[in-house]
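Plus 59 on top of the position in the sequence shown (first one is 1) and you've got our numbering.
Idealized CB from N, CA, C, for every residue including glycine.
Everything on this sheet refers to the single structure shown next.
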Amino acid sequence: MAAKTKKTEYEISLSSEISELKGIGPQKAERLAKLGIEHFEDMFEFYPREYEDKRNVKRICDLADGEKVLVRARVLLLRFGKGFGKNRTLHLLCEDDTARMEVLFFKGAFLAGQFKQGELFDFFGKVKVENGRVTMFHPSYSRSEGTEEKGILPVYPLTAGISQKDLRLCSRAALLHADELSETLPASAVISARLCSNAYAYSNIHYPQGDEQYKAARYRLVYEELYYLDTALALSKDRGGAGRNGNSITGDYAWQFASSLPFEMTGAQKRALKDILDDMASPKAMNRLVQGDVGSGKTAVAAAAMLQSAKNGYQSAFMAPTDILARQHFETLTKLFKGFGVDIVLLTSTMPSAEKKKALELIKSGAADIAVGTHALISGGVEYSNLGLVITDEQHRFGVNQRRLLSAKGKCPDVLVMTATPIPRTLAVVLYADLDISVIDELPPGRIPIITKSYDAKTRKQAYDILLEEVAKGRQAYIVAPYIEDPENMEGRSAQGLFEGFSAAHKDISCALLHGQMDQAEKDDVMTRFYNGEIQVLVSTVVIEVGIDVPNATVMLIEDSQRFGLAQMHQLRGRVGRGKHQSYCLIVTDGGGQTAEDRAKIMCQTLSGFTIAEKDLELRGPGEFFGYRQHGLPQLTLADPVKHREVAAKALTDVQMMLAKDPKLTSQENAAFLKNLKRKYMQSDGLTL
Ligand code: ADP
Ligand code: MG
Numbered sequence: 060m061a062a063k064t065k066k067t068e069y070e071i072s073l074s075s076e077i078s079e080l081k082g083i084g085p086q087k088a089e090r091l092a093k094l095g096i097e098h099f100e101d102m103f104e105f106y107p108r109e110y111e112d113k114r115n116v117k118r119i120c121d122l123a124d125g126e127k128v129l130v131r132a133r134v135l136l137l138r139f140g141k142g143f144g145k146n147r148t149l150h151l152l153c154e155d156d157t158a159r160m161e162v163l164f165f166k167g168a169f170l171a172g173q174f175k176q177g178e179l180f181d182f183f184g185k186v187k188v189e190n191g192r193v194t195m196f197h198p199s200y201s202r203s204e205g206t207e208e209k210g211i212l213p214v215y216p217l218t219a220g221i222s223q224k225d226l227r228l229c230s231r232a233a234l235l236h237a238d239e240l241s242e243t244l245p246a247s248a249v250i251s252a253r254l255c256s257n258a259y260a261y262s263n264i265h266y267p268q269g270d271e272q273y274k275a276a277r278y279r280l281v282y283e284e285l286y287y288l289d290t291a292l293a294l295s296k297d298r299g300g301a302g303r304n305g306n307s308i309t310g311d312y313a314w315q316f317a318s319s320l321p322f323e324m325t326g327a328q329k330r331a332l333k334d335i336l337d338d339m340a341s342p343k344a345m346n347r348l349v350q351g352d353v354g355s356g357k358t359a360v361a362a363a364a365m366l367q368s369a370k371n372g373y374q375s376a377f378m379a380p381t382d383i384l385a386r387q388h389f390e391t392l393t394k395l396f397k398g399f400g401v402d403i404v405l406l407t408s409t410m411p412s413a414e415k416k417k418a419l420e421l422i423k424s425g426a427a428d429i430a431v432g433t434h435a436l437i438s439g440g441v442e443y444s445n446l447g448l449v450i451t452d453e454q455h456r457f458g459v460n461q462r463r464l465l466s467a468k469g470k471c472p473d474v475l476v477m478t479a480t481p482i483p484r485t486l487a488v489v490l491y492a493d494l495d496i497s498v499i500d501e502l503p504p505g506r507i508p509i510i511t512k513s514y515d516a517k518t519r520k521q522a523y524d525i526l527l528e529e530v531a532k533g534r535q536a537y538i539v540a541p542y543i544e545d546p547e548n549m550e551g552r553s554a555q556g557l558f559e560g561f562s563a564a565h566k567d568i569s570c571a572l573l574h575g576q577m578d579q580a581e582k583d584d585v586m587t588r589f590y591n592g593e594i595q596v597l598v599s600t601v602v603i604e605v606g607i608d609v610p611n612a613t614v615m616l617i618e619d620s621q622r623f624g625l626a627q628m629h630q631l632r633g634r635v636g637r638g639k640h641q642s643y644c645l646i647v648t649d650g651g652g653q654t655a656e657d658r659a660k661i662m663c664q665t666l667s668g669f670t671i672a673e674k675d676l677e678l679r680g681p682g683e684f685f686g687y688r689q690h691g692l693p694q695l696t697l698a699d700p701v702k703h704r705e706v707a708a709k710a711l712t713d714v715q716m717m718l719a720k721d722p723k724l725t726s727q728e729n730a731a732f733l734k735n736l737k738r739k740y741m742q743s744d745g746l747t748l
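In structure tokens form, the structure reads like this:
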């Protein structure tokens with residue numbers, strides 16, 4: 060390998076190994092491989108982290124404080140400052156024709172050999188201008204020979220042993236051959252979105268010729284990422300159930316059930332149910348997401364769908380993320396279905412094995428119309444006789460693959476996904492492009508809006524005063540803490556600590572502790588007693604986040620709110636306000652700075668899950684948003700479906716238009732695109748095309 064003659068940047072081709080280039084030895088090639096760069100074509104999508112604007116050399120006398128600039132100056136004097144040996148600071152006194160400037164390198168003594176008195180250098184960095192004194196800190200620099208790089212230069216993320224210079228060498232070489240690239244998007248997309256070519260886009264994302272060119276480049280690359288992702292998701296949606304299951308589930312059962320409920324369904328519930336029933340009636344398999352805020356009444360909608368399925372001779376599986384929730388659903392549904400002649404069983408992994416065995420038999424024989432449970436429902440041992448409908452509750456806890464596992468238990472069953480996590484539309488199109496969406500954006504009437512208040516360490520007592528007043532009135536309360544046990548220096552702030560403190564101070568109040576490390580029997584016992592009203596104050600970790608419905612609970616007191624995300628607090632708040640009494644959400648923030656205060660403020664300002672989700676997204680970014688990464692979606696590099704929501708919408712429309720004309724991408728026009736798409740998404744989870 061080492062014997063090979065090296066090539067110039069003109070001689071290489073895009074598929075050449077990077078080590079073939081003059082200036083890149085085997086060691087550097089190995090390090091570049093760690094960055095994912097083995098061939099020149101890999102360089103295109105190795106995007107710069109930022110840029111150095113070296114278009115204009117600035118005069119020292121014109122510099123403003125805080126500017127990042129290029130200065131050409133002569134070194135007048137070298138001097139060492141604070142520190143010892145190599146750790147000393149290196150000071151350079153420099154000047155151009157207009158003024159003087161000091162350049163500082165902390166611990167930079169080792170650089171001294173690079174600078175000689177009287178030589179001209181280009182310095183690029185941030186300057187401080189104070190009382191007429193100009194200082195530049197840790198600039199990048201090069202000897203000025205009139206041949207140095209100009210323009211807007213890429214700054215790449217580095218790894219040990221690889222310099223900006225190396226990467227720039229490689230990217231320049233690759234870009235010299237960018238014209239050899241063929242178009243990677245269908246012509247229809249390029250025309251519709253008025254995109255620049257990919258060669259132009261790569262050139263200008265690495266070495267922008269100017270702001271306009273950079274914008275055009277970025278637009279194309281962001282659009283392209285989203286376009287590929289949307290197409291992959293859309294095609295996998297079609298495949299997810301091979302489209303058809305032959306089931307045509309019909310009848311008036313669901314509406315009869317709805318009218319048997321002790322309440323009238325809200326308009327939004329009815330709309331969602333209608334969407335679902337239409338899907339079920341069609342021989343195409345349903346793939347639908349129902350989004351509805353906490354308390355919007357998703358369970359009743361799901362129940363109606365399951366009844367419809369049962370009456371048509373198909374089994375339903377209803378999967379909840381926790382044992383407690385599965386049990387509660389089981390109880391609720393048992394009550395709701397009374398008199399409808401459907402058989403319903405519970406299946407969780409913590410059930411006694413005799414009970415489990417019995418449930419498994421009922422499911423297998425088809426005697427059970429509906430199976431409610433946890434992950435146990437998708438475990439290997441479960442066989443269904445005729446599974447026609449699969450419902451998962453609180454979707455964000457389940458990945459795409461788990462959903463698929465459950466579906467695989469039947470012959471292309473209808474799939475319904477329910478979530479109380481209001482996902483901003485912008486993100487939903489990307490996360491759930493494989494699902495149709497119904498939104499329940501209306502709460503049942505007569506709910507009294509929850510009062511939300513914010514406290515800090517000093518006013519914490521006022522929060523507890525409200526809690527005590529409510530308990531005195533016969534209501535129940537939750538206190539939620541981020542930790543199970545006291546962390547260092549935070550005495551009494553964990554669930555355990557708060558529980559001990561509270562019960563010692565209020566001997567007359569019955570109080571209990573609940574956390575995730577307790578065993579199931581203990582947890583169930585506590586929950587049941589709280590549910591029955593025997594426990595007045597429940598001190599807990601977030602185990603109650605998804606879950607139980609206790610209408611007499613009117614206070615949700617959240618301790619150390621800075622440790623919780625907005626959406627999580629919103630979920631917690633949803634535990635109260637379910638009955639006929641005024642409820643309170645009391646948020647105690649102790650530390651966490653401005654972000655924590657902002658979050659508490661937003662909670663006080665709105666009860667809308669959708670608004671909160673939008674804000675959450677703004678504060679945390681989509682990467683953090685509800686384990687967005689756990690959805691098994693390929694990672695987007697440049698595109699951010701929130702920041703680029705308009706591009707995302709455009710890309711989606713264009714994809715839909717293309718697929719309407721060429722649903723399987725079989726046309727000649729889309730052949731190249733299909734090939735690229737397959738290459739890109741072949742390996743990624745759940746998106747096999
Ligand atoms: P979620 O959407 O959070 O799962 P649930 O299905 O648990 O909400 O419903 C919350 C409560 O509201 C339940 O007690 C349920 O019986 C009640 N409920 C549901 N729909 C209505 C309605 N249309 N009118 C009045 N109460 C309703
Ligand atoms: Mg629910």
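Can you give the Cα-Cα distance for ARG133 and ASP225, rounded to whole angstroms?
Walking along the sequence shown from the start, residue 133 turns up at place 74. Walking along the sequence shown from the start, residue 225 turns up at place 166. Spanning the two alpha carbons is a distance of roughly 26 Å.
Whether or not the region 63-76 and the region 229-240 are in contact is what I'm after, with contact meaning three or more pairs of Cβ atoms, one per stretch, closer than 8 Å; do they touch?
yes
Within this structure, are the beta carbons of GLN176 and LEU149 separated by less than 8 Å?
In the sequence shown, residue 176 corresponds to position 117, counting from 1. In the sequence shown, residue 149 corresponds to position 90, counting from 1. Not closer than 8 Å, so no.
In the DSSP assignment, what are the bridge partners of CYS120?
The residue labelled residue 120 in the question sits at position 61 within the sequence shown. For CYS120, which the question treats as bridged, DSSP gives no partner whatsoever.
Does the Cβ-Cβ distance between GLY356 and GLY636 come in under 8 Å?
Working through the sequence shown from its first residue, we reach residue 356 at position 297. Working through the sequence shown from its first residue, we reach residue 636 at position 577. Not in contact: GLY356 and GLY636 (Cβ atoms no closer than 8 Å).
Per DSSP, which one or two residues make a beta bridge with LYS87?
Reading the sequence shown from its first residue, position 28 is the one you call residue 87. Note: LYS87 sits in no beta bridge, so no partner.
Taking 7 Å as the line, does the beta carbon of MET324 fall inside it for any heavy atom of the ligand ADP?
Reading the sequence shown from its first residue, position 265 is the one you call residue 324. Yes, the beta carbon of MET324 sits closer than 7 Å to at least one heavy atom of the ligand ADP.
Might you give, ordered along the chain, the residues of its own chain that have their beta carbon closer than 8 Å to the beta carbon of LEU285, omitting 5 neighbours on each side?
In the sequence shown, residue 285 corresponds to position 226, counting from 1. Hits under 8 Å: VAL489, LEU695, ALA698, PRO700, HIS703, VAL706, ALA707, ALA710, LEU711.
What does DSSP give as the partner residue(s) for CYS153 in the beta ladder?
Working through the sequence shown from its first residue, we reach residue 153 at position 94. In DSSP, CYS153 forms a bridge with VAL134, MET160.
Alpha carbon to alpha carbon, what distance is there between THR613 and PHE396?
Working through the sequence shown from its first residue, we reach residue 396 at position 337. Working through the sequence shown from its first residue, we reach residue 613 at position 554. The straight-line gap from Cα to Cα measures roughly 28 Å.
Nearer than 7 Å: is that true of the beta carbon of LYS357 relative to any heavy atom of the ligand ADP?
For the purposes of this step, residue 357 is taken as residue 298 along the sequence shown, with counting starting at 1. The answer is yes for LYS357.
From this set, ALA313, ASP713, LEU170, ILE617, which residue's C-alpha is nearest ILE538's C-alpha?
For this step, residue 538 is matched to residue 479 along the sequence shown. Ranking ALA313, ASP713, LEU170, ILE617 by Cα distance to ILE538 puts ILE617 first.
Out of LYS209, ILE646, TYR273, point me to the one whose CA is closest to ALA522's CA.
Looking up residue 522 in the sequence shown gives position 463. For the residues LYS209, ILE646, TYR273, the minimum Cα distance to ALA522 belongs to ILE646.
Length at least 3, wholly inside the region 398-484: the beta strand (DSSP E) runs in chain order:
403-406, 429-432, 446-452, 473-478
Answer yes or no: the CB of ASP608 versus the heavy atoms of the ligand ADP, is any distance below 7 Å?
Here the question's residue 608 lines up with position 549 in the sequence shown. Indeed, a heavy atom of the ligand ADP lies less than 7 Å from the Cβ.
Whether ALA317 touches LEU332 by CB criterion (8 Å)
Position 258 of the sequence shown, counted from the first residue, corresponds to residue 317. Position 273 of the sequence shown, counted from the first residue, corresponds to residue 332. Yes. Within cutoff.
Per DSSP, ILE543 is paired with what?
By 1-based counting over the sequence shown, the position of residue 543 is 484. According to DSSP, ILE543 bridges with nothing at all.
Determine the DSSP secondary structure at ASN115, reduced to helix, strand or coil.
By one-based count along the sequence shown, residue 115 stands at place 56. Three-state DSSP puts ASN115 in coil, outside helix and strand.
Could you give the first and the last residue of the continuous beta strand (DSSP E) run that contains VAL647?
Walking along the sequence shown from the start, residue 647 turns up at place 588. Residues 643-648.
When you measure from the CB of PRO503 to every non-hydrogen atom of the ligand SAH, does any distance come out below 7 Å?
Ligands present in the displayed structure are limited to the ligand ADP and the ligand MG, and the ligand SAH is not among them.
Is the region 545-561 close to the region 587-600, with three or more CB pairs under 8 Å?
yes
Under the three-state DSSP convention, the category VAL353 falls into
As a first step, residue 353 must be located in the sequence shown, where it is residue number 294. Three-state DSSP puts VAL353 in coil, outside helix and strand.
Note down, in chain order, each residue of its chain lying with its Cβ closer than 6 Å to the Cβ of ASP675, except the 5 sequence neighbours on either side.
The residue you call residue 675 lines up with position 616 of the sequence shown. LEU625, ALA626.
Please go through the same chain and pick out, in chain order, the residues whose beta-carbon is closer than 7 Å to the beta-carbon of GLY556, but skip the five residues on each side of it.
Here residue 556 is taken as the residue at index 497 of the sequence shown, counted from 1. Within the same chain, GLY556 has close Cβ partners ASP545, GLU550.
Regarding TYR627 and the ligand ADP, is the C-beta to nearest heavy atom distance less than 7 Å?
Counting from one through the sequence shown, the residue named residue 627 turns up at place 568. Reading off the sequence shown, one finds Gln at residue 627, where the question assumed Tyr. Result no, Cβ not under 7 Å from the ligand ADP.
Starting from LEU326, follow the beta strand (DSSP E) in both directions and report where the run begins and ends.
Translated into the one-based positions of the sequence shown, residue 326 becomes position 267. Per the sequence presented here, residue 326 reads as Gly, with Leu not at that position. Counting along the chain, GLY326 falls outside any beta strand (DSSP E), though it belongs to the alpha helix (DSSP H) covering 326-340.
Proximity below 8 Å, CB of VAL602 to CB of GLY575:
Sequence index remark: in the sequence shown, residue 602 carries index 543 (1-based). Sequence index remark: in the sequence shown, residue 575 carries index 516 (1-based). Yes, they are a contact pair.
Local conformation of GLU79 per DSSP, three classes
If you number the sequence shown from 1, residue 79 lands on position 20. Helix.
Best match in LYS566, ILE607, HIS565, ASP567 for proximity to VAL585 [C-alpha to C-alpha]
Position 526 of the sequence shown holds residue 585. Out of LYS566, ILE607, HIS565, ASP567, ILE607 has the C-alpha closest to the C-alpha of VAL585.
Measuring only from the beta carbon, is VAL353 closer than 7 Å to any heavy atom that is part of the ligand ADP?
As a first step, residue 353 is located in the sequence shown; it is residue number 294 there, counting from the start. Yes, since a heavy atom of the ligand ADP falls inside the 7 Å radius drawn around the Cβ of VAL353.
Below 8 Å CB to CB, which residues in the same chain sit around ALA171 once its five sequence neighbours on both sides are set aside?
Taking the sequence shown and counting its residues from 1, the one referred to as residue 171 is at position 112. Taken in chain order, the residues that qualify are LEU137, PHE139, LEU149.
May I ask you to list the residues that DSSP assigns as paired with ALA376?
To locate residue 376, count along the sequence shown from 1; it is residue 317. Partner(s): ALA430, VAL449.
Sequence-distant residues of its chain with Cβ nearer than 6 Å to LYS185 (five each side left out):
In the sequence shown, the residue the question calls residue 185 occupies position 126. Closer than 6 Å at Cβ, skipping near neighbours: LYS127.
Would you please state the rounded distance, in angstroms, between the beta carbons of GLU51 and VAL214? I believe it to be under 8 Å.
The chain is shown from 60 up to 748; residue 51 falls before or after that span and cannot be answered.
Taking 7 Å as the cut-off, is the C-beta of ARG386 nearer than that to any heavy atom in the ligand ADP?
The count along the sequence shown starts at 1 and reaches residue 386 at position 327. Checking every heavy atom of the ligand ADP against the Cβ of ARG386, none is found closer than 7 Å.
Along the chain, where does the alpha helix (DSSP H) that runs through ILE661 open and close?
Your numbering for residue 661 matches position 602 in the sequence shown. ILE661 -> alpha helix (DSSP H) spans 652-664.
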